[in-house]
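See below for the structure under consideration.
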Amino acid sequence: MMTLEKFEEASDVVKRVTLETKLVYSDYFSEVTGNKVFFKPENMQLTGAYKLRGAYYKISTLTDEERQKGLITASAGNHAQGVAYAAKRYSCKAVIVMPTTTPLIKVNRTKGYGAEVVLYGNVYDEACEYAIKLAEEKGYTFIHPFDDLDVATGQGTIAMEIFKELPTVDYILVPIGGGGLATGVSTLTKLLNPKIKVIGVEPEGASCMKTSFEKGEVVTLPCVNTIADGTAVKTPGSKIFPYIRENLDGILTVPDEELIVCFLDMVENHKMIVENSGLLTVAALKQLKPENKKVVSILSGGNMDVITMASVVQNGLIQRERIFTVSVLLPDKPGELVKVSKIIADLQGNIIKLDHNQFVSINRSMTVELRITLEAYGKEHKEEIVTALQENGYRPKLVQLKGTYM
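Counting from 4, one number per residue, gives the positions in the sequence shown under this note's numbering.
Here is the structure:
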């Protein structure tokens, strides 16, 4: 059973390995959403995510014999690092099965804590099946990343810290993958104050818990498709599902596109790196009514590799219309490129790339195409530049950018 005494015990245990992640008030998101928004920055934890809590508490409950058999788990990255770090503290072997799609930074950091990493399958569920098989074959002790009441209890210690720091909180938003974090946070929250609303948030492309929630039973999705790799789970936990049904007040979903712009918002306004799964609760903030309520958004992790960051930033700038490409037609004669450049420069546009195509027309002396990729301050500035080009007779056409502009 998940009791208040168990949560209190877990809170004391996890303090041995966790950093203090005090709430961060967000002026920006509070103004945008009409509520008082606080972030619980678990992306600043020692292993870059909250998962260390559940992993360490679970391993603390094992016998010496169970630990010395060696530990094994499956994870898309954050639970992997939690188990690897906890195993190192207890001087026992750890084997981690990770999907082949796991970001390199998570693989390398898991190895850095001394764990043996096995890459298998395209999604978490496939990696988990293989990890269970290895556990049976080699006698390892399996540590489930979410469908375990001790693990969920360890994750729930986040709620204890939130309540101590902000006892008048109205809403807690929590990301959902398999459901361990949501189970722990919602169960402890209702034990402390049933009036506090706990809302789970999933990516639209991996909404296994919402589907299960609505059908009243655990459901397996045929496939998952999301950039939020830490929550790309097809089947939620069956052991924890009854707690979710009883204690969670609802589940919201967000599309991947909204995670991209939230990454930009967090970097520019809070100077924080938050991975896509951790941004789920940030993206969901605008779905709450603007009622001046105290809302805590749990940022579950910040383990994102540099290549993914670069891609997210580029896509975010494109979505915010701060990067765009425009095509103009001009005669192929000296001075024309200077004229176009001056129009853009006078309006403080910043040219990133030029593509000069002389073969768009048979009569190239009369018409060539110039594609200009440039940076603007936002939508209004972009429209101002396009209008100026139009007024100078260049017939500008916007060219859709997808993913990269370099």
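Each residue gets a CB set at the ideal place from its N, CA and C atoms; glycine is no exception.
Predicted model only: the values in this text are computed from it and were never measured.
By Cβ distance below 6 Å, which residues in the same chain neighbour K400 in space, the five residues on each side in sequence not counted? Start at 1 with the first residue of the sequence shown, and residue 400 comes out as number 397. The residues are S330.
Does the beta-carbon distance from I179 to K43 come in below 8 Å? Within the sequence shown, the letter at position 176 stands for residue 179. Within the sequence shown, the letter at position 40 stands for residue 43. Going by C-beta atoms, I179 is not nearer than 8 Å to K43.
List in chain order: all unbroken beta strand (DSSP E) runs of 3+ residues lying wholly within the segment 324-374. 326-333 and 353-360
Can you grab the Cα-Cα spacing for the pair T376 / T328, in whole Å? Counted from its first residue, the sequence shown places residue 376 at position 373. Counted from its first residue, the sequence shown places residue 328 at position 325. Distance between the alpha carbons of T376 and T328 is about 4 Å.
Taking only heavy atoms of the ligand MN into account, decide whether any of them is closer than 7 Å to the Cβ of Q361. Of ligands this structure carries none, so the ligand MN is not represented either.
Skipping 5 residues on each side, what residues in its chain have a beta carbon closer than 7 Å to that of C95? Indexing the sequence shown from 1 puts residue 95 at position 92. The residues are R70, Q71, G73 and L74.
In three-state terms, what does DSSP make of G304? Here the question's residue 304 lines up with position 301 in the sequence shown. Strand at G304.
Please look up how many angstroms separate the CB atoms of G233 and G304, rounded, as I've assumed it's under 8 Å. Position 230 of the sequence shown, counted from the start, is the residue given in the question as residue 233. Position 301 of the sequence shown, counted from the start, is the residue given in the question as residue 304. The Cβ separation is near 6 Å, so the contact holds.
Can you name the start and end residues of the beta strand (DSSP E) that Y127 belongs to? Taking the sequence shown and counting its residues from 1, the one referred to as residue 127 is at position 124. First-last for Y127: Y127 to K141, but that is the alpha helix (DSSP H), not the beta strand (DSSP E).
Residue from A87, V27 and A348 with nearest C-alpha to K385: Numbered from 1 along the sequence shown, position 382 holds the residue referred to as residue 385. If we check each option's Cα against that of K385, A348 comes out closest.
Taking just the CA atoms, how far does T238 sit from H82? As a working note, residue 82 is residue 79 in the sequence shown. As a working note, residue 238 is residue 235 in the sequence shown. One C-alpha to the other measures close to 17 Å.
Distance, Cα to Cα, L195 vs L404? If you number the sequence shown from 1, residue 195 lands on position 192. If you number the sequence shown from 1, residue 404 lands on position 401. Their backbone Cα atoms lie some 49 Å apart in a straight line.
For Y133, which residues from the same chain have a beta carbon less than 8 Å from its beta carbon, with the 5 sequence-adjacent residues on both sides left out? On the sequence shown, position 130 is the one that residue 133 refers to. Taken in chain order, the residues that qualify are A77, V100, V121, Y123 and G124.
According to DSSP, what are the bridge partners of Y28? Stepping through the sequence shown from its first residue, residue 28 is reached at position 25. In DSSP, Y28 forms a bridge with F41.
Rounded to whole angstroms, what's the CA-CA distance from V389 to N318? Just pull it up for me. Walking along the sequence shown from the start, residue 389 turns up at place 386. Walking along the sequence shown from the start, residue 318 turns up at place 315. For V389 and N318, the distance between alpha carbons rounds to 21 Å.
First and last residue of the uninterrupted alpha helix (DSSP H) at A162: The sequence position of residue 162 within the sequence shown is 159, counting from 1. T160 to E168 is the span of the alpha helix (DSSP H), which, as asked, contains A162.
Through-space distance from L255 to N46, alpha-carbon basis: As a position in the sequence shown, residue 46 is number 43, starting the count at 1. As a position in the sequence shown, residue 255 is number 252, starting the count at 1. Rounded to whole angstroms, N46 to L255 spans 21 Å at the Cα level.
May I ask which residues mark the beginning and end of the alpha helix (DSSP H) holding G180? As a working mapping, residue 180 is identified with position 177 in the sequence shown. No alpha helix (DSSP H) holds G180; DSSP gives it neither H nor E.
Please name the residue in T36, A231 and I199 whose C-alpha comes closest to that of M312. In the sequence shown, residue 312 corresponds to position 309, counting from 1. Checking every option, the nearest Cα to that of M312 belongs to A231.
If you reduce the DSSP assignment to three classes, tell me which class F145 lands in. Here residue 145 corresponds to residue number 142 of the sequence shown, with the count starting at 1. In this structure, F145 counts as strand in the three-state DSSP scheme.
Can you name, in chain order, every residue of its own chain whose Cβ lies under 7 Å from the Cβ of E372, other than the five neighbours on each side? Within the sequence shown, numbered from 1, the residue matching residue 372 stands at position 369. Taken in chain order, the residues that qualify are S330, L332, N360 and V363.
Between which two residues does the alpha helix (DSSP H) harbouring T284 extend? Counting from one through the sequence shown, the residue named residue 284 turns up at place 281. Residues L283 to A286.
Between the C-alpha atoms of M1 and K61, what's the straight-line distance to the nearest angstrom? Any property of residue 1 remains undetermined from this structure, which presents the chain solely from 4 to 409.
Beta-ladder partner(s) of K193, from DSSP: For the purposes of this step, residue 193 is taken as residue 190 along the sequence shown, with counting starting at 1. According to DSSP, K193 bridges with nothing at all.
Over the uninterrupted alpha helix (DSSP H) stretch that includes L55, give me the two end residues. As a first step, residue 55 is located in the sequence shown; it is residue number 52 there, counting from the start. K54 to S63 is the span of the alpha helix (DSSP H), which, as asked, contains L55.
What is the residue span of the beta strand (DSSP E) that I230 lies within? Here residue 230 refers to the residue found at position 227 of the sequence shown. Taken as a continuous stretch (DSSP letters only), I230 belongs to no beta strand (DSSP E), as it is neither H nor E.
If you draw a straight line from the alpha carbon of V277 to that of Y88, how long is it in whole angstroms? Taking the first residue of the sequence shown as 1, we reach residue 277 at position 274. Taking the first residue of the sequence shown as 1, we reach residue 88 at position 85. Going by the C-alpha atoms only, they are around 21 Å apart.
Along the alpha helix (DSSP H) that carries L320, what are the first and last residues, could you check? Here residue 320 refers to the residue found at position 317 when the sequence shown is read from its first residue. Per DSSP, L320 belongs to the alpha helix (DSSP H) from V309 to Q322.
Could you tell me the boundaries of the alpha helix (DSSP H) in which P245 lies? Taking the first residue of the sequence shown as position 1, residue 245 is located at position 242. Run containing P245: F244 to N250, per the alpha helix (DSSP H) assignment.
Which full runs of the beta strand (DSSP E) of 3+ residues lie inside the segment 89-128, going along the chain? 97-101 and 119-122
Closest by C-alpha distance to G203, when choosing among L251, D173, E217 and S241: On the sequence shown, residue 203 is found 200 positions in, with the first residue counted as 1. Cα-wise, what sits closest to G203 is L251.
In DSSP terms, what A77 is bridged to: The residue you call residue 77 lines up with position 74 of the sequence shown. Paired residue(s): V100.
Contact belief for S14 with M163 at Cβ below 8 Å, rounded distance in angstroms: Locating residue 14 in the sequence shown gives position 11, counting from the first residue. Locating residue 163 in the sequence shown gives position 160, counting from the first residue. Contact flag correct, Cβ pair sits at about 5 Å.
Cβ neighbour criterion (16 or more within 10 Å) applied to C226: Taking the first residue of the sequence shown as 1, we reach residue 226 at position 223. Classification of C226: exposed, given that the 10 Å Cβ count is below 16.
Own chain partners of K382 with C-beta closer than 6 Å, once the 5 adjacent residues on each side are dropped: Within the sequence shown, the letter at position 379 stands for residue 382. Answer for K382: E324, listed in chain order.
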